[in-house]
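Worksheet: one structure, shown below.
Numbering (this note's numbering), first residue to last: 886 to 1101.
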């Protein structure tokens, strides 16, 4: 399995997928772990400032020694030829959890050019993690990009807020989206279940699942 994006969604999928039996991974993330991430991330304060892919690789090697990480890419994956080659030739399935428009568009271009032939699971959360989306592009009959406008904004969201949902951090220009691990855990389970079902049952059609929290 290739996992692109090892933030609050992608990192926490790792132990679930490992415990479900998956044992070979390609990990991709161009960013370091920040202290603000720790409240909803697999990794703790010891890894703050370390690249997320490399940190997750280290965590796996220490805790799950039977699992093989073929590659931990620490750059934007679509700018790294080695990472692209591994994703397109070694992976049976890719999970895209960056919620970054440039990355998702690059994946879509690989699919359309038929360089990427395996199934892709796109997943992302809405503001405050009140909803988690999981779209499995297997048959290629539906364009994931059609869910968004040209700027990457979701066309049909599950929740709308009257207030600004991000807060500034003490870093220059930094922003933070407040949410925690509890609401995220439901989305993690939904995504891991979808991946496991695909691997075990060989689902041939596209699938779109959404977990939505309570109004409260």
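Here a beta-carbon is modelled for each residue, glycine too, at the ideal position from N, C-alpha and C.
query	result
Selected residue, minimal CA-CA separation from residue 1022, among 919, 1016 and 1005	1005
Boundaries of the alpha helix (DSSP H) in which residue 926 is found, first to last residue	Per DSSP, residue 926 belongs to no alpha helix (DSSP H) and is neither H nor E.
Exposed unless 16 or more other CB atoms sit within 10 angstroms - verdict on residue 1011	buried
Span of the beta strand (DSSP E) around residue 979	978 to 981
Check whether residue 1051 and residue 1062 have beta carbons under 8 Å apart	yes
Any 3 or more C-beta pairs closer than 8 Å across the segment 924 to 944 and the segment 966 to 977	no
Counted within 10 angstroms of its Cβ, other Cβ atoms place residue 981 as buried (16 or more) or exposed	buried
Continuous beta strand (DSSP E) stretch holding residue 1071: start and end	Per DSSP, residue 1071 belongs to no beta strand (DSSP E); it is in the alpha helix (DSSP H), 1066 to 1086.
Residue closest to residue 916, alpha-carbon to alpha-carbon, out of 909, 900 and 936	936
C-beta contact flag for residue 887 and residue 926 at 8 Å	no
Residue 920 classed as buried or exposed, judged by whether at least 16 other C-beta atoms fall within 10 angstroms	exposed
Own chain residues within Cβ distance below 6 Å of residue 1098, not counting five before or after	1015 and 1068
Boundaries (first-last residue) of the beta strand (DSSP E) holding residue 948	Looking at the DSSP string, residue 948 is not in any beta strand (DSSP E); the run it does join, the alpha helix (DSSP H), is 937 to 948.
Residue 1071 to residue 1096 span [Cα, whole Å]	7 Å
Buried/exposed call for residue 934, threshold 16 Cβ in 10 Å	exposed
Per DSSP, the bridge partner or partners of residue 889	913 and 981
Rounded C-alpha distance that separates residue 894 from residue 903	15 Å
Outcome for residue 1009 when other beta-carbon atoms lying within 10 angstroms are tallied against a minimum of 16	buried
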